[in-house]
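Data block below; observations after.
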Amino acid sequence: MSGRTLVVGGGIAGLVTALRLVKRGERVSIIDGETTVGGLTRPWDIGGVTWDRFYHVVLASDVETRALLEEIGLIDRLVFAPVKTALYVEGKLYPFSGALDFLAFPELGVVDKLRLLATIFHARYSGNDAAYDWESVIEYLTRWSGKATVERIWRPLLRAKLGDHYATASAAFIRATINRLQGARQRGVGGEQYGYVRGGYAAVLAALEARLRELGVDFVLGSRVREIVAHDGYVRVTLDSGEIAGDRAILTVPSPVCAALCPQLTAVERRTLAQDRYFGVVCVSLLVNRRLGNAYVTNVADAGFPFTGIINMSALVDRTQLGGYDLVYVPKYGPPEERAFTLSDDVLIAQATRGLSRIFAGFTPSDVVAARVARATHVFPFPRLGRAQSLPPARTSLRRVAVVNNGRLRYATLNVSDTIGVVDAALTELDNDPIWRYAHESRALAGSR
């Protein structure tokens, strides 16, 4: 298989990596243990409705995602709509979408409200996130928002997102989060605008896979990767179903998985990859036959609610796309060893419905038409202090093996657009690496003789 690059992982990072390489004229094979591609963007069926297992949106600032949709012929399916944000705190639900909502919020004084707005403005426009990578998120927020706002708003929200680990998170994390949310305000005036693709990521993945197959990409699906070994002149990937060899291998799977798959890496490399702590998610999806407010995101600053927040996809997506129902996601993020990952689907669904009953008047479990629970153990790397300053290079000590995954996110939050950005930056880095380039060019030249 001279000249062929093996892309391990069929999520967005793997699919875009394959697209970039095959358009250069390279031969590419995508390998994934699932029978379908998509990773965290894979769709499923809930109550007869096909939509994403996890929630996804497109912002006006997501130039990489929009360029991809243009390339695969789906840009005309991208729909933007105004959305609202809400905050549940002290047993009450408040609108929390913009400056007027902040100023009207009764749980903070005037000075604290102004400092909250100043925090958002500073995160949005001060630039140079590297300067905040070694500052803790609590120190940063206390300095700008003040203690009262940290205790009333920020700390409960951080605990909901990061659990008790939030204290060791970098300020760059919250700045990246604020920046992404503020990116929704670049389209239109007077409110946030989010976008979605009609048909959801089922449509996106179908079009992307069709485009890749048209360009000659091979798909090796449904067989789990066991080991990746580099030899003199080629790389061998061992699967449950056999072996496949290629010129190079690019791993787009999470860093701890890379460490487990590549026994030839140096001890330092394997330890660095294995110890890159990832947070996973347990996400309850509920299809309900009544409206649950008009907010797309409801942030919950309440210790009695054992989830990160509430995302009502029907506040954005035309309900005719969702069978006329509200599709509500109730996620819980955390390290995969936490208790939430051990609970049964029935327990998690019961917890989610009880929580919604407290927040939305009139809602009862009988309003639920269908419910499912999605789990993913490696979603995003924990934004620990100094992490962005110590990312390893894309190429490993094995000159034909590279790692191009979401572990390379520096200051961004995990989303499709930033994942594409990571891929493009890593491929540029590899193009400028003489060892990687020589290994590929010499092998391809030998195969052409």
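Per our numbering, the sequence shown starts with residue 857, numbered consecutively. The C-beta atom is built at its ideal place from N, Cα and C for all residues, glycine as well. None of the values given here were measured: they were computed from a predicted structure.
Taking a cut-off of 8 Å for Cβ pairs, the stretch 1068-1086 and the stretch 875-893 touch, as three or more such pairs fall below it. Close CB contacts of residue 1286 within its chain, under the 7 Å cut and outside five residues either way in sequence, are with 1250, 1251, 1258 and 1292 (chain order). Taking a cut-off of 8 Å for Cβ pairs, the stretch 1109-1123 and the stretch 1139-1159 do not touch, as fewer than three such pairs fall below it. For the set 1158, 862 and 1027, the Cα lying nearest the Cα of residue 943 is the one of 1158. Assignment of beta-bridge partners to residue 951 by DSSP yields 942. The three-state reading of DSSP puts residue 978 in helix, counting H, G and I together.
Put simply, the stretch 950-958 touches the stretch 926-942. At least three CB pairs are less than 8 Å apart. The C-beta separation of residue 933 from residue 1055 comes to about 7 Å, placing the pair in contact by the 8 Å criterion. Minimum Cα-Cα distance from residue 1262 among the listed residues 1022, 1216 and 1276 corresponds to 1276. Counting the other Cβ atoms within 10 Å of the Cβ of residue 1236 gives 16 or more, which makes it buried. Contact check for residue 864 against residue 1086 fails: the beta carbons are separated by 8 Å or more.
Using a Cβ distance threshold of 8 Å, residue 1209 and residue 1224 count as a contacting pair. Taken through DSSP and simplified to helix, strand or coil, residue 1289 comes out as coil. Residue 1269 and residue 1033 do touch by the CB rule: their CB atoms are close to 5 Å apart, below 8 Å.
Leaving aside the five residues that flank residue 920 on each side, the residues in its chain whose CB is nearer than 7 Å to its CB run, in chain order, 1273, 1276 and 1277.
In its chain, beyond the 5 residues on either side, 1016, 1017, 1187, 1188 and 1189 have a beta carbon closer than 6 Å to the beta carbon of residue 1164. Comparing C-alpha distances from residue 1181 to each of 1137, 1004 and 902 shows the shortest one belongs to 902. One Cα belongs to residue 1138, the other to residue 1231, and the distance between them is close to 5 Å.
In the DSSP annotation of this structure, residue 1120 is not part of any alpha helix (DSSP H), being labelled neither H nor E.
Contact check for residue 894 and residue 1057: beta-carbon distance about 7 Å, within the 8 Å limit, so the pair qualifies. Comparing alpha carbon positions, the residue from 977, 1141, 1070 and 1051 closest to residue 1030 is 977. Setting aside the 5 residues that flank it on each side, residue 1025 is surrounded in the same chain by 992, 993, 1014, 1018, 1238, 1239, 1240 and 1241, each with a C-beta closer than 8 Å to its C-beta; the list follows chain order. For residue 1111, the closest alpha carbon among the candidates 1134, 904 and 956 is that of 1134. Nearest in C-alpha terms to residue 981, of all of 1195, 1035 and 1282, is 1035. For residue 1154, the secondary structure class from DSSP, reduced to helix, strand or coil, is strand. CA-CA distance, residue 1010 to residue 948, rounds to 17 Å. Along the stretch 996-1051, the beta strand (DSSP E) does not occur as any fully enclosed run of 3 or more residues.
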